Amino acid sequence: MTPTEVLKAQELVYELKIGDIMTRRLITVSPETTMREVKQVLRDHRISGLPVMRDEHLVGIVSIEDLIRALEANELDAEVNTYMSSLVRTVGEGESAVRALSAFGRAGVGRLPVVDDDGRLVGILTPGDITRGVLRALERAYHEEELRKYRVRHVFEDIASDRTSLILRYDIPVRDFNRAGRASSQLKQTLVRLGIDPRIVRRVAIVSYEAEMNIVIHSTTGGNLVAEINSELIAVLAYDSGPGIEDVKAAMQPGWSTAPDWIREMGFGAGMGLVNIKATADEMHLDSWPRRGTKLEAVIYLKPGEGKTGHETE
Amino acid sequence: MHLHEVMALLDARFVSSCCNPTIDVRAGFAADLMSDALRYDLSQALLVSGLANPQVVRTSEMADVAAILMVRGKMPSADALELADEIDIPFLSTELTMFETCGRLFAAGLPACQRFNGR
Numbered sequence: 004m005t006p007t008e009v010l011k012a013q014e015l016v017y018e019l020k021i022g023d024i025m026t027r028r029l030i031t032v033s034p035e036t037t038m039r040e041v042k043q044v045l046r047d048h049r050i051s052g053l054p055v056m057r058d059e060h061l062v063g064i065v066s067i068e069d070l071i072r073a074l075e076a077n078e079l080d081a082e083v084n085t086y087m088s089s090l091v092r093t094v095g096e097g098e099s100a101v102r103a104l105s106a107f108g109r110a111g112v113g114r115l116p117v118v119d120d121d122g123r124l125v126g127i128l129t130p131g132d133i134t135r136g137v138l139r140a141l142e143r144a145y146h147e148e149e150l151r152k153y154r155v156r157h158v159f160e161d162i163a164s165d166r167t168s169l170i171l172r173y174d175i176p177v178r179d180f181n182r183a184g185r186a187s188s189q190l191k192q193t194l195v196r197l198g199i200d201p202r203i204v205r206r207v208a209i210v211s212y213e214a215e216m217n218i219v220i221h222s223t224t225g226g227n228l229v230a231e232i233n234s235e236l237i238a239v240l241a242y243d244s245g246p247g248i249e250d251v252k253a254a255m256q257p258g259w260s261t262a263p264d265w266i267r268e269m270g271f272g273a274g275m276g277l278v279n280i281k282a283t284a285d286e287m288h289l290d291s292w293p294r295r296g297t298k299l300e301a302v303i304y305l306k307p308g309e310g311k312t313g314h315e316t317e
Numbered sequence: 080m081h082l083h084e085v086m087a088l089l090d091a092r093f094v095s096s097c098c099n100p101t102i103d104v105r106a107g108f109a110a111d112l113m114s115d116a117l118r119y120d121l122s123q124a125l126l127v128s129g130l131a132n133p134q135v136v137r138t139s140e141m142a143d144v145a146a147i148l149m150v151r152g153k154m155p156s157a158d159a160l161e162l163a164d165e166i167d168i169p170f171l172s173t174e175l176t177m178f179e180t181c182g183r184l185f186a187a188g189l190p191a192c193q194r195f196n197g198r
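Read top to bottom, the protein sequences are chains A and B.
The first sequence: position 262 = 265 (this note's numbering), numbered continuously.
The second sequence: position 76 = 155 (this note's numbering), numbered continuously.
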């Protein structure tokens with residue numbers, strides 16, 4: 004397992020509900036059952052413990068350890084209620100599997116009765132159920148994502164041409180701060196599904212997001228973001244039709260910003276957007292015509308060596 | 080550093096539905112202006128911020144941030160939380176100031192994020 008897959012497995016344990024992984028087939032005994040009968044039930048079903056029920060209420064748990072004590076005392080005809088544990092810790096079927104894991108750790112028991120919202124016994128959970136549940140969920144998640152990636156990659160392979168590109172176009176509305184970043188988010192997801200190196204994806208996402216935010220913040224009527232993906236590079240083109248940048252050279256200086264205070268209060272207008280794009284992309288071209296609009300093009304190469312990948316220490 | 084260690088150090092708590100304390104953060108960065116943050120390599124890092132709007136989440140999504148921590152007891156806006164749940168990123172909150180938060184994390188061994196290689 005790679006570290007990412009381990010992380011995914013941990014996340015799944017948090018998402019898994021006890022009700023989804025518990026054993027529902029309930030075999031129970033009454034407090035008056037003899038330990039001899041318990042021995043038979045455990046053996047027949049190859050299990051190591053049983054809930055003890057009286058009138059549909061859980062009153063205890065009898066386990067193989069209790070059976071051993073009865074055997075040692077030569078009391079196999081004793082009733083279950085003399086040997087069972089009656090202080091029973093339960094877990095809810097809606098709780099996360101992680102709650103059960105910590106309960107197993109604390110209580111030192113091998114099984115936990117699972118109850119519904121009304122406190123009725125609905126199943127039983129063992130550490131083995133959790134392992135099986137996580138493995139099943141992991142397999143499901145893996146297959147879903149692999150299938151998606153496989154389909155997207157095949158689109159490229161099945162199309163025959165001298166140069167195939169995928170072009171994604173996004174409309175960027177002006178001053179819509181709740182939706183701002185949506186285009187870059189969708190672009191990023193697409194690149195991940197195409198199976199592109201995560202470090203390249205991150206760089207494209209940063210370039211595209213800064214460009215998108217510039218349109219959201221500064222344009223008069225909104226603009227467009229276009230990403231072209233081919234086998235060699237990813238090009239991000241961002242353009243709008245005004246107001247244009249008065250002084251392009253000044254705009255490329257770190258910290259230079261024309262953003263008003265209310266934009267800064269939202270976390271933007273640090274005067275680093277264009278600087279970040281230039282530093283993150285392999286190539287950047289910026290053209291602007293006052294009152295007519297701005298066009299920014301940034302290129303990131305997919306092959307190592309052609310692009311910048313390293314980091315420097317501040 | 081695992082999120083549960085971060086939580087113990089800062090008396091922080093989860094405010095998002097994504098609440099996995101075993102997530103590992105590799106480094107830390109603190110900023111209120113998001114473009115300042117994007118100049119650095121924030122992948123798998125903890126982003127400390129006093130900014131409580133959806134853009135802090137979007138920025139984190141773009142930069143592959145592992146977890147977001149709000150300082151000064153701030154709560155993220157409903158929009159920000161909704162977005163955090165959508166992209167499945169954990170959001171934490173502490174009562175401490177940004178200064179003390181960073182000081183405690185750094186003293187406990189969480190390194191600073193490094194800058195992207197610029198040309």
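Even for Gly, the Cβ is constructed at its ideal location relative to N, Cα and C.
Note that the structure is predicted; figures quoted are calculated from it, not measured.
**Prompt:** Taking the alpha-carbon positions, what's the TRP292 of chain A to PHE93 of chain B distance?
**Reply:** Numbered from 1 along the first sequence, position 289 holds the residue referred to as residue 292 of chain A. Numbered from 1 along the second sequence, position 14 holds the residue referred to as residue 93 of chain B. Answer to the nearest angstrom: the Cα atoms are 47 angstroms apart.
**Request:** Report all residues from its chain with a CB closer than 8 angstroms to the CB of GLN193 of chain B; omit the five preceding and five following residues, and keep chain order.
**Result:** For this step, residue 193 of chain B is matched to residue 114 along the second sequence. Around GLN193 of chain B: ALA106, TYR119 and ASP120.
**Request:** Might you give, ordered along the chain, the residues of its own chain that have their beta carbon closer than 6 angstroms to the beta carbon of SER168 of chain A, omitting 5 neighbours on each side?
**Result:** For this step, residue 168 of chain A is matched to residue 165 along the first sequence. Hits under 6 angstroms: GLU231 and ASN233.
**Asked** How many angstroms separate the CA atom of THR31 of chain A from the CA atom of LEU74 of chain A?
**Response** As a position in the first sequence, residue 31 of chain A is number 28, starting the count at 1. As a position in the first sequence, residue 74 of chain A is number 71, starting the count at 1. Looking at the two C-alpha atoms, the distance is approximately 20 angstroms.
**Message:** Tell me which residues share the same chain as SER33 of chain A and place their Cβ nearer than 8 angstroms to its Cβ, disregarding the 5 neighbours each side in the sequence.
**Reply:** Taking the first sequence and counting its residues from 1, the one referred to as residue 33 of chain A is at position 30. For SER33 of chain A, same chain residues with a beta-carbon under 8 angstroms away, outside a window of 5 residues either side, are VAL55, MET56, ARG57 and VAL83 in chain order.
**Request:** Determine, using beta carbons only, whether ILE266 of chain A comes closer than 8 angstroms to chain B.
**Result:** Residue 266 of chain A sits at position 263 when you count from the first residue of the first sequence. Chain B contact via Cβ: absent.
**Asked** Does ALA106 of chain B have its Cβ less than 8 angstroms from a Cβ in chain A?
**Response** For the purposes of this step, residue 106 of chain B is identified with residue 27 of the second sequence, where counting begins at 1. Closer than 8 angstroms: no.
**Message:** Can you list, in chain order, the residues of its chain with a C-beta nearer than 7 angstroms to that of GLU317 of chain A? Leave out the 5 residues immediately preceding and following it.
**Reply:** Sequence index remark: in the first sequence, residue 317 of chain A carries index 314 (1-based). Note that GLU317 of chain A scores a pLDDT of 31, beneath 50, so its modelled location is shaky and nothing firm can be said.
**Message:** In the DSSP output, what is HIS81 of chain B paired with across the bridge?
**Reply:** In the second sequence, counting from the first residue as 1, residue 81 of chain B sits at position 2. Paired residues: B:ASP103.
**Asked** Around the Cβ of LEU82 of chain B, are there at least 16 other Cβ atoms within 10 angstroms (buried) or fewer (exposed)?
**Response** Start at 1 with the first residue of the second sequence, and residue 82 of chain B comes out as number 3. Classification of LEU82 of chain B: buried, given that the 10 Å Cβ count is 16 or more.
**Prompt:** Taking 8 angstroms as the CB-CB cut-off, is GLU84 of chain B touching chain A?
**Reply:** As a position in the second sequence, residue 84 of chain B is number 5, starting the count at 1. Taking Cβ atoms only, chain A never reaches closer than 8 angstroms to GLU84 of chain B, which makes this a no.
**Prompt:** Looking only at C-alpha atoms, which of A:PRO246, A:ARG202 and A:ILE203 sits nearest to VAL219 of chain A?
**Reply:** For the purposes of this step, residue 219 of chain A is identified with residue 216 of the first sequence, where counting begins at 1. Checked all of A:PRO246, A:ARG202 and A:ILE203; the closest Cα to VAL219 of chain A is A:PRO246.
**Item:** Alpha carbon of ALA253 of chain A to alpha carbon of THR134 of chain A, nearest angstrom
**Value:** Here residue 253 of chain A corresponds to residue number 250 of the first sequence, with the count starting at 1. Here residue 134 of chain A corresponds to residue number 131 of the first sequence, with the count starting at 1. Taking the straight line joining both Cα atoms gives about 59 angstroms.
**Request:** Under 9 angstroms between beta-carbons, which chain B residues line up against ILE71 of chain A? List them in chain order, please.
**Result:** As a first step, residue 71 of chain A must be located in the first sequence, where it is residue number 68. What ILE71 of chain A touches in chain B: nothing, since even the nearest Cβ is about 36 angstroms away.
**Prompt:** Between SER96 of chain B and ILE147 of chain B, what straight-line distance do the alpha-carbon atoms span, to the nearest angstrom?
**Reply:** Indexing the second sequence from 1 puts residue 96 of chain B at position 17. Indexing the second sequence from 1 puts residue 147 of chain B at position 68. Looking at the two C-alpha atoms, the distance is approximately 13 angstroms.
**C-alpha gap between ARG27 of chain A and SER156 of chain B, whole angstroms** = Here residue 27 of chain A corresponds to residue number 24 of the first sequence, with the count starting at 1. Here residue 156 of chain B corresponds to residue number 77 of the second sequence, with the count starting at 1. Between the alpha carbons of ARG27 of chain A and SER156 of chain B lies a distance of about 41 angstroms.
**Asked** Listed in chain order, which residues of the region 71-92 of chain A have Cβ atoms closer than 9 angstroms to some Cβ of chain B?
**Response** none
**Message:** Looking only at its chain, what residues have a beta carbon closer than 7 angstroms to the beta carbon of VAL106 of chain A, apart from the 5 residues adjacent to it on each side?
**Reply:** The residue you call residue 106 of chain A lines up with position 103 of the first sequence. The residue asked about is misnamed: residue 106 of chain A is Ala in this sequence, not Val. Around ALA106 of chain A: ARG92, VAL94 and LEU115.
**Prompt:** Does the ligand SAM have a heavy atom nearer than 7 angstroms to the CB of LEU277 of chain A?
**Reply:** The ligand SAM is absent from the structure shown, which contains no ligand whatsoever.
**Request:** Grab me the residues of ARG123 of chain A's own chain with a C-beta within less than 8 angstroms of its C-beta, minus the 5 sequence neighbours each way, in chain order.
**Result:** Residue numbering aside, residue 123 of chain A sits at position 120 when the first sequence is read from its first letter. Cβ neighbours of ARG123 of chain A beyond the five flanking positions: GLU59.
**Prompt:** Could you give the distance in angstroms between the alpha-carbon of ASP69 of chain A and the alpha-carbon of GLY63 of chain A?
**Reply:** For the purposes of this step, residue 69 of chain A is taken as the residue at position 66 of the first sequence. For the purposes of this step, residue 63 of chain A is taken as the residue at position 60 of the first sequence. Each residue's alpha carbon lies about 12 angstroms from the other.
**Asked** chain B beta carbons: is any one of them nearer than 8 angstroms to that of GLU315 of chain A?
**Response** Within the first sequence, residue 315 of chain A is the residue found at index 312, counting from 1. Here the model assigns GLU315 of chain A a pLDDT of 38, short of 50, so the residue's position is not dependable, and the following value carries that caveat. GLU315 of chain A counts as touching chain B.
**Prompt:** What are the residues that DSSP puts in a beta bridge with LYS152 of chain A?
**Reply:** For the purposes of this step, residue 152 of chain A is taken as the residue at position 149 of the first sequence. Partner(s): none; LYS152 of chain A has no beta bridge.
**Three-way DSSP call (helix, strand, coil) for GLU160 of chain A in this model** = Sequence index remark: in the first sequence, residue 160 of chain A carries index 157 (1-based). GLU160 of chain A falls in the helix class under three-state DSSP.
**Request:** Thinking GLY226 of chain A and ASP243 of chain A are a contact (beta carbons under 8 angstroms), I'd like their distance in whole angstroms, please.
**Result:** To locate residue 226 of chain A, count along the first sequence from 1; it is residue 223. To locate residue 243 of chain A, count along the first sequence from 1; it is residue 240. Confirmed, about 3 angstroms.
**Request:** Please report the Cβ distance between THR193 of chain A and LEU228 of chain A, rounded to the nearest whole angstrom; I am assuming they are in contact, meaning their Cβ atoms lie under 8 angstroms.
**Result:** By one-based count along the first sequence, residue 193 of chain A stands at place 190. By one-based count along the first sequence, residue 228 of chain A stands at place 225. Contact doesn't hold; Cβ gap of about 13 angstroms is too wide.
**Item:** Cross-chain neighbours of ARG92 of chain B in chain A, by beta carbon under 7 angstroms
**Value:** For the purposes of this step, residue 92 of chain B is identified with residue 13 of the second sequence, where counting begins at 1. Correct list: empty, because the minimum Cβ distance to chain A is about 16 angstroms.
**Asked** Is it the case that the Cβ atoms of ALA159 of chain B and VAL136 of chain B are separated by a distance below 8 angstroms?
**Response** Taking the first residue of the second sequence as 1, we reach residue 159 of chain B at position 80. Taking the first residue of the second sequence as 1, we reach residue 136 of chain B at position 57. Contact: yes.
**Message:** Using only CA atoms, which one of A:ARG294, A:VAL204, A:LEU141 and A:PRO176 lies nearest to ILE237 of chain A?
**Reply:** Indexing the first sequence from 1 puts residue 237 of chain A at position 234. Considering only alpha carbons, the answer is A:VAL204.
**Prompt:** For GLY313 of chain A, is the classification buried or exposed, using 16 other Cβ atoms within 10 angstroms of its Cβ as the cut-off for buried?
**Reply:** Here the question's residue 313 of chain A lines up with position 310 in the first sequence. Caution is warranted here: a pLDDT of 44 is assigned to GLY313 of chain A, below 50, making its placement in the model unreliable, and no coordinate value can be reported.
**Message:** With a threshold of 8 angstroms, are at least 3 pairs of Cβ atoms found where one atom belongs to the region 147-154 of chain A and the other to the region 38-54 of chain A?
**Reply:** no
**Request:** Let me know if HIS221 of chain A comes out buried or exposed under the rule of 16 or more other beta-carbons within 10 Å of its beta-carbon.
**Result:** As a working note, residue 221 of chain A is residue 218 in the first sequence. Buried, by the Cβ-count rule.
**Request:** Answer yes or no: do ALA214 of chain A and ALA241 of chain A have a C-beta to C-beta separation smaller than 8 angstroms?
**Result:** The sequence position of residue 214 of chain A within the first sequence is 211, counting from 1. The sequence position of residue 241 of chain A within the first sequence is 238, counting from 1. Yes.
**Message:** Quick check: the Cα distance between PHE159 of chain A and GLU174 of chain B, rounded to an integer number of angstroms?
**Reply:** Sequence index remark: in the first sequence, residue 159 of chain A carries index 156 (1-based). Sequence index remark: in the second sequence, residue 174 of chain B carries index 95 (1-based). Taking the straight line joining both Cα atoms gives about 51 angstroms.
**Item:** Test: SER142 of chain B CB closer than 8 angstroms to a CB of chain A
**Value:** Reading the second sequence from its first residue, position 63 is the one you call residue 142 of chain B. The sequence as given places Ala at residue 142 of chain B; Ser does not occur at that position. For ALA142 of chain B, the answer is yes, since a Cβ of chain A falls inside 8 angstroms of its Cβ.
**Item:** Same chain only: Cβ atoms within 8 angstroms of ALA103 of chain A, ignoring 5 sequence neighbours per side
**Value:** For the purposes of this step, residue 103 of chain A is taken as residue 100 along the first sequence, with counting starting at 1. Closer than 8 angstroms at the Cβ level, and outside the excluded window around ALA103 of chain A, lie ILE21, VAL94, LEU115, LEU128 and ILE133.
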